[in-house]
Amino acid sequence: MNHSERSYQIHLDSLLGFAGELQRELEALIRLGGDLDGLRSGTDDLSALGDFVEAHWLMQRHLDALDDMDELVREVRDTVAFAGDVTIWVAEQYADHDRHIADDFTRLQSRIDAGGYV
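Mapping of the sequence shown onto this note's numbering: residues 1373 to 1490, in sequence order.
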């Protein structure tokens, strides 16, 4: 394997832009969770559909579906938050690495300029 096969490039601005998009998605998911709470509050009055077996069954199905949606939104929200955290961490690590490389080159150039290396 030669050097070019092992090298790669990371565009930090794109990576940070992706992290920003993940944050916006996370905020939307949090709002969706609030909207689900609003749907649930409408189930307080079980008599709204009538007092018969089918109405109670329908209300229970509605509550079960909301529970499933709550769980799904929570899992997706956690996953998006994790992806955002990882993306930001990776970007920070690459930026830190780039700073160290730049510092090393600056020190090397200073030594060359001072006649330390020929």
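In this text, a Cβ means the ideal position worked out from N, Cα and C, and glycines have one as well.
Do residue j and residue i count as a contact pair if the criterion is CB distance below 8 angstroms?
i	j	result
residue 1387	residue 1459	yes
residue 1384	residue 1463	yes
residue 1480	residue 1445	no
Express the C-alpha separation of residue j and residue i in angstroms, rounding to a whole number.
i	j	result
residue 1412	residue 1453	25 angstroms
residue 1381	residue 1474	16 angstroms
residue 1472	residue 1484	18 angstroms
residue 1398	residue 1432	29 angstroms
residue 1396	residue 1469	27 angstroms
residue 1457	residue 1451	10 angstroms
residue 1442	residue 1434	12 angstroms
residue 1389	residue 1436	37 angstroms
With a 10 Å radius around its C-beta and 16 neighbouring C-beta atoms as the bar for buried, classify residue i as buried or exposed.
i	result
residue 1373	Bear in mind that a pLDDT of 42 at residue 1373, under 50, signals an unreliable position, so the number given afterwards is only what the model happens to contain. Looking at its Cβ environment, which holds fewer than 16 other Cβ atoms inside 10 Å, residue 1373 is exposed.
residue 1400	exposed
residue 1486	exposed
residue 1391	buried
Using alpha carbons as the reference points, say which of the options lies closest to residue i.
i	options	result
residue 1394	1434, 1479, 1449 and 1466	1449
residue 1439	1451, 1410, 1423 and 1457	1410
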